[in-house]
Ligand code: NAD
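Residue numbers (this note's numbering): 16 to 274.
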């Protein structure tokens, strides 16, 4: 394995269990030589995240972080940078919408459901990036990435309020790319095809949608979290030094199809 990321430090936000896309990314970043810190949202997942963290190395920092709390965002980013000796890579793999807004008609989305989904799934990237910016190692080469879905640019029945949340997220990537580009920090999104995770289970009709996408994608298959992790290593590394403000599709080509 080449050490593409030797000497780099990464904070990965969004690991809940071994199926989390962010876990596949954390594992791949580590395999390519990066030091990694993980966060967990609440005691419910703390034990699982700590167990996973141990497999990355005994000294892997594991920090509490609920992204609705600005103080926790400030604490997690600065603690990660302090423990790892700097920060070069930030992975944002966080999304949430109330269950009642992930079924039925999008038109019935409540004001609260809208605010919650956009706050947790999109605004959290803006606040995390703002705190990460001054911590990213001098000399640039910082890389921030988030996880999106095609439902942000095409109507996907059942995805509902997460669609506008992903549209806001991808737009925020472009604005952050401009602001942070001055400090040579790159900001990108990976738009992943369907992966069977905890978050995916909350979307009504997910399995049927995933099966039909796998049939119609140019590669005639679905994707695995490890496919996303490969793209994440690329975006974290200097191989992508000229890439910022973009959404990279890792969906076996499905987005390119007209039917
Ligand atoms: P997951 O359930 O494993 O990860 C979602 C994470 O968001 C969890 O770790 C959860 O703890 C975290 N989270 C939710 N609310 C939070 C809060 N208030 N504070 C901190 N963390 C919070 O599921 P996943 O599928 O790996 O999702 C990761 C990202 O990938 C999400 O942005 C999701 O929209 C995106 N994505 C998933 C798929 C898919 O099919 N699974 C496809 C494209 C994009």
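By construction, the Cβ of each residue, glycine as well, lies at the ideal position given by its N, Cα and C atoms.
Check: residue i C-beta below 8 Å from any heavy atom of the ligand NAD
i, result
"residue 66", "no"
"residue 211", "yes"
"residue 46", "no"
"residue 240", "yes"
"residue 159", "no"
"residue 82", "yes"
"residue 111", "yes"
"residue 203", "no"
"residue 54", "yes"
"residue 208", "yes"
"residue 263", "no"
"residue 143", "no"
"residue 175", "no"
"residue 269", "no"
"residue 222", "no"
"residue 156", "no"
"residue 30", "yes"
"residue 236", "no"
"residue 12", "For the chain, the structure presents residues 16 to 274; residue 12 sits outside this window and is missing."
"residue 214", "yes"
"residue 26", "no"
"residue 162", "yes"
"residue 34", "yes"
"residue 104", "no"
"residue 178", "no"
"residue 93", "no"
"residue 125", "no"
"residue 108", "yes"
"residue 136", "yes"
"residue 187", "no"
"residue 77", "no"
"residue 60", "yes"
Beta-carbon proximity of residue i to residue j, cut-off 9 Å
i, j, result
"residue 184", "residue 136", "yes"
"residue 188", "residue 196", "no"
"residue 89", "residue 146", "yes"
"residue 139", "residue 83", "yes"
"residue 150", "residue 93", "yes"
"residue 86", "residue 57", "no"
"residue 266", "residue 165", "yes"
"residue 44", "residue 67", "no"
"residue 47", "residue 69", "no"
"residue 255", "residue 20", "no"
"residue 55", "residue 63", "yes"
"residue 40", "residue 119", "no"
"residue 262", "residue 163", "yes"
"residue 167", "residue 219", "no"
"residue 117", "residue 26", "no"
Those residues which DSSP pairs with residue i across a bridge
i, result
"residue 204", "161 and 262"
"residue 172", "None; residue 172 has no bridge partner."
"residue 55", "79"
"residue 107", "28 and 161"
"residue 102", "151"
"residue 50", "24"
Cβ of residue i within 9 Å of any chain C Cβ
i, result
"residue 109", "Looking at the structure shown, chain C is missing, and only one protein chain is on hand."
Cβ-heavy atom distance, residue i to the ligand ADP, below 8 Å
i, result
"residue 110", "No copy of the ligand ADP appears in this structure; the ligands present are the ligand NAD."
Jot down the residue ranges of each uninterrupted beta strand (DSSP E) in the region 173-250, minimum 3 residues, whole runs only, in chain order. Entirely contained in the region 173-250, the beta strand (DSSP E) runs reaching 3 residues are, in chain order, 200-207.
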